[in-house]
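Scroll down for the structure; my scribbles are underneath it.
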Amino acid sequence: MLRPNEQRDAANEFVKRWQHRGNERQDSQTFWLDLLETVYGISQPGEYISFEDQVHLDHTSFIDGYITATNVMIEQKGRTKDLRKGIKQSDGTFLTPFQQAQRYAMNLPYSQRPRWIITCNFIEFYVYDMERPGGDPAIITLADLPKECYRLDFLVDQANPHLEKEMQVSMQAGELVGQIYDELLKQYRDPSSAETQRSINQLSVRLVFCLYAEDAGIFGRHGMFHDYLADFETRFLRNAVIDLFQVLDTPINKRDPYLDEKLAEFPYVNGGMFADEDIEIPQFTDELRALLLEHASADFDWSQISPTIFGAVFESTLNPETRRQGGMHYTSIENIHKLIDPLFLNELRTELEDIKKLKQPATVKRRAVAFQDKLAGLTFLDPACGSGNFLTETYLSLRKLENDAIRLIYGDQNMLALEKQIIKVSIQQFYGFEINDFAVSVGKTALWIAESQMMEETKSIVYTNIDFLPLKTYTNITEGNALRFSWSALVPATHLNYIIGNPPFNGARLMSKAQKGDLEQVDPQVAGIGNLDYVAGWYLKAAQLMQGHNIRAAFVSTNSITQGEQVALLWRPMFERYHMHIDYAYRTFKWTSEAKEKAAVFCVIVGFSRIGDLQKVIYTSSGQPELVKHINPYLVDAKDAFIESRQKPICDVPSIGIGNKPIDDGNYLFDEAEMKAFIKAEPASKPYFKPWYGSREFINRKPRYCLWIGDATPSELRKMPHVLERIQKVQEFRLASKSAGTRKLAERPTRFHVENMPKGNFLVIPRHSGEHRRYVPIGFMAPENLVGDAVLLIPDANLYEFGVLTSNVHMAWMRTVAGRLEMRYRYSAKVVYNNFPWPHVTADQQAKIAETAQQILTARALYPDSTYADLYDERTMPSELRKAHQNNDRAVMRAYGMDVATTTESDSVAKLFTLYAHLAK
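If you read the sequence shown in UniProt numbering, its first letter stands for residue 1, the second for the next number, and so on.
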């Protein structure tokens with residue numbers, strides 16, 4: 001990769017060469033070879049990118065460009081082509097360049113499918129992140145390339161080898177810690193007791209510190225810890241460890257003058273690391289001795305671990321059940337920087353780069369000194385700090401900036417004779433709350449290790465005799481429940497600059513009673529606070545602390561706080577009572593972690609403050625920034641709106657309801673084989689069976705069957721003993737319920753709890769659907785079918801209503817405001833449908849939408865053996881159906897007054913929010 005200034009100059013020259021060229025057939029390959037070589041530093045671009053690879057779709061389909069190293073597919077068009085518009089294909093359908101590339105991608109082997117798709121017309125680059133299906137592309141213009149080169153870095157940005165090595169070493173260290181931990185635990189008399197847990201956690205921290213200290217040179221001589229322990233047989237090892245811990249906690253001038261020579265070599269550590277002499281230390285075994293001396297000490301170099309990564313890995317030695325109950329998840333370095341870079345680090349880096357560009361040495365030095373003082377004056381709080389990885393990575397980032405400033409201030413001076421304080425950034429600037437005592441110890445240790453590593457880096461810049469030991473006492477990470485503690489008691493708001501972290505991810509329905517209590521006492525004025533996720537407590541506490549102060553905050557959170565009914569519950573008080581502004585946000589991305597047991601969650605990052613003076617930025621899940629005017633609580637560039645649960649539609653449209661809810665313990669539901677067997681045993685039951693559709697059955701067009709006897713007479717029922725047996729089982733099941741309402745329902749066991757059986761055709765909408773589908777499959781059903789409560793239904797819906805609901809406009813609304821199950825859509829009546837702002841249509845517009853809606857049904861009918869799962873898979877969607885949907889999309893967009901050629905999904909959502917705000921008044 002070129003340096004930033006070199007890359008900018010190269011990009012300027014590239015733009016000059018290409019600003020008036022752009023023939024698809026003649027120039028495409030030259031354009032990309034030139035870009036990769038001159039702007040992104042690829043020395044042999046012809047070997048880096050391949051052109052015209054055939055796709056096994058037909059004999060005329062070729063991929064314009066593919067970069068295997070970074071999984072980038074390129075679809076190149078001429079400069080006269082509009083990248084938003086459909087282009088007629090050989091089969092007669094119209095596909096945009098992205099849809100064309102997407103079709104190619106779906107016909108590649110899974111391992112070769114692109115991470116990125118770029119469509120380009122020599123004037124603009126449209127970048128699609130394939131880990132965020134349905135999202136708008138990031139757009140980079142050729143003219144802006146010199147200042148936005150970084151937005152295409154993913155073309156060549158492969159994994160950082162240094163970070164990869166740190167990660168590998170840190171993961172290996174974690175495995176060693178786990179093995180030592182497991183062996184130690186076997187030796188305790190009562191392994192399950194709280195005292196044992198406290199002792200083994202503290203013992204593990206101390207052993208790790210010793211292993212690191214001997215490899216990093218902190219103890220003074222490499223291998224000191226190993227050599228000391230090697231002198232003792234297994235049966236004496238416990239006492240040797242106890243003696244060592246006591247020596248490490250004793251100042252040199254207070255030690256026994258007759259101390260063993262090898263013990264006397266060890267320095268005084270301090271910092272509270274070895275202060276507690278009450279911890280229980282068990283006897284060591286031959287296996288433990290071998291683990292410590294051979295595998296953990298002699299065969300492994302602890303000095304190369306990343307304290308950020310290792311802190312998380314180390315904490316993973318905790319019992320997984322304990323970790324799950326606490327809601328803890330571990331953040332990768334990449335995800336930490338997604339939070340801290342836009343919050344403050346990008347601004348600091350830019351400031352330092354501006355200092356480096358200055359010409360006068362005296363001015364550079366003066367500004368660098370001021371910059372270093374600024375770094376040393378910043379204060380950070382992580383109120384759910386876990387093993388301290390946010391605090392540690394932030395400290396490392398500030399110290400790296402400080403070391404750059406030190407280079408500018410001192411150059412290569414010999415600082416040995418100076419008493420002046422060279423390093424000003426301190427771990428004392430970092431504060432945290434953590435409920436788990438072991439995590440507190442790990443967090444402190446990680447920061448001490450980070451401090452040691454950065455001190456060595458400073459020593460390599462200016463020769464100095466800074467000593468790492470003894471440690472300064474560090475008590476800024478406090479053990480306790482952050483939602484019950486006063487944050488300002490730990491760090492006064494007047495001294496605080498930034499609040500950061502990833503609070504626990506417990507969902508509203510998964511919280512313990514104690515956690516519910518924690519949340520409710522944070523802000524009793526928040527109506528329905530019990531329906532919020534646990535993380536909401538941290539947002540509210542941060543907002544309270546920020547009142548009257550210029551503090552900025554950012555949290556990693558489950559994406560549920562920006563979806564569904566939680567938005568209004570949390571963000572209305574955040575905006576209206578606490579006057580918060582969202583400064584930047586990362587839309588939903590999949591969680592990545594260095595922990596052994598990775599958390600399968602989908603997250604957002606929200607940066608917020610009272611100040612609201614920053615340029616607003618929305619980042620895609622890949623980190624591509626989009627400058628916007630405003631960010632609302634759904635993380636879109638639109639007016640603020642709080643889509644609350646609404647009992648009736650906001651517009652004059654048909655009501656929607658859930659399907660039938662039997663509460664029958666499965667006694668009335670059968671698959672086809674079970675139904676046939678039942679009818680064979682009870683022939684009279686045949687007329688009472690009806691096809692039954694839930695969400696899965698509807699999408700796969702494969703019903704189960706329901707024994708519906710609600711309308712049967714007593715005499716008819718008494719003639720069917722097997723049916724009577726089912727009725728009795730349902731009655732017994734309901735009577736055994738803890739719910740009084742369900743027990744009351746036992747009085748009428750042949751009826752359902754909820755019965756919704758329209759007399760005519762009705763429209764069905766699955767409540768859950770895969771996020772990879774552009775359109776949620778919805779459709780009409782006849783009254784002889786019964787549907788369950790896994791779907792929603794609209795009785796007597798017409799073609800116009802079907803057309804609007806299946807359109808890209810309604811789907812964009814749904815994707816924005818609906819809740820999610822992981823990433824799967826969770827369509828709801830009270831949030832999605834009842835709040836949807838319908839268009840004001842003329843008779844002609846309504847007729848046109850009904851016509852295009854019928855085209856969709858006609859296209860589906862061409863494939864009677866295909867399921868909705870088949871028809872709405874982007875890889876297998878028939879061209880007739882795609883074309884019908886595109887026609888319907890255009891008709892609906894025109895009904896809203898949207899320009900078909902230029903309106904993006906974000907634009908349509910913004911317009912819908914404006915309409916909603918007007919209707920909600």
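Think of the CB as a built atom: it goes at the ideal place given N, C-alpha and C, for glycine as much as any other residue.
Does the beta-carbon distance from residue i to residue j come in below 8 angstroms?
i           : j           : result
residue 809 : residue 877 : no
residue 917 : residue 641 : yes
residue 526 : residue 660 : no
residue 431 : residue 381 : yes
residue 179 : residue 300 : no
residue 761 : residue 782 : yes
residue 469 : residue 247 : no
residue 267 : residue 220 : yes
residue 631 : residue 582 : yes
Please report the residue range of the beta strand (DSSP E) in which residue i lies.
i           : result
residue 584 : 581-590
residue 661 : Note, residue 661: premise wrong, no beta strand (DSSP E); not H, not E.
residue 553 : 552-558
residue 609 : 602-609
residue 691 : 689-693
Look at the alpha carbon of residue i and the alpha carbon of residue j, and state the distance between them as a whole number of angstroms.
i           : j           : result
residue 194 : residue 551 : 38 angstroms
residue 36  : residue 11  : 11 angstroms
residue 829 : residue 712 : 32 angstroms
residue 31  : residue 72  : 16 angstroms
residue 764 : residue 707 : 21 angstroms
residue 345 : residue 494 : 21 angstroms
residue 715 : residue 678 : 20 angstroms
residue 407 : residue 466 : 16 angstroms
residue 498 : residue 198 : 31 angstroms
residue 590 : residue 535 : 17 angstroms
residue 885 : residue 698 : 20 angstroms
residue 335 : residue 387 : 15 angstroms
residue 115 : residue 154 : 10 angstroms
residue 129 : residue 9   : 28 angstroms
residue 911 : residue 354 : 40 angstroms
residue 201 : residue 308 : 19 angstroms
residue 82  : residue 103 : 19 angstroms
Span of the alpha helix (DSSP H) holding residue i?
i           : result
residue 334 : 333-340
residue 212 : 194-215
residue 675 : 672-681
residue 729 : 721-735
residue 73  : Not the alpha helix (DSSP H): residue 73 falls in the beta strand (DSSP E), residues 72-76.
residue 363 : 361-376
residue 46  : 45-48
residue 616 : Taken as a continuous stretch (DSSP letters only), residue 616 belongs to no alpha helix (DSSP H), being part of the beta strand (DSSP E) at 616-619.
residue 803 : 799-805
residue 393 : 389-410
residue 24  : 24-34
residue 430 : Unbroken run through residue 430 is the beta strand (DSSP E), 430-434; no alpha helix (DSSP H).
residue 646 : From DSSP, residue 646 is part of no alpha helix (DSSP H); its letter is neither H nor E.
residue 916 : 905-920
Report buried or exposed for residue i, applying the criterion of at least 16 other Cβ atoms within 10 angstroms of its Cβ.
i           : result
residue 244 : buried
residue 13  : exposed
residue 655 : exposed
residue 190 : exposed
residue 90  : exposed
residue 506 : buried
residue 871 : buried
residue 7   : buried
residue 383 : buried
Pop quiz: residue i and residue j are said to be a contact at Cβ under 8 angstroms. What is the actual Cβ separation, rounded to whole angstroms?
i           : j           : result
residue 272 : residue 443 : Not confirmed; about 13 angstroms, so no contact.
residue 838 : residue 804 : 6 angstroms
residue 725 : residue 644 : At roughly 46 angstroms, the Cβ-Cβ gap does not stay under 8 angstroms, so residue 725 and residue 644 are not in contact.
residue 293 : residue 226 : 6 angstroms
residue 98  : residue 70  : With 8 angstroms as the limit, residue 98 and residue 70 do not qualify as a contact, their Cβ atoms being about 18 angstroms apart.
residue 770 : residue 563 : Rounded, the Cβ-Cβ distance is 16 angstroms, inconsistent with contact.
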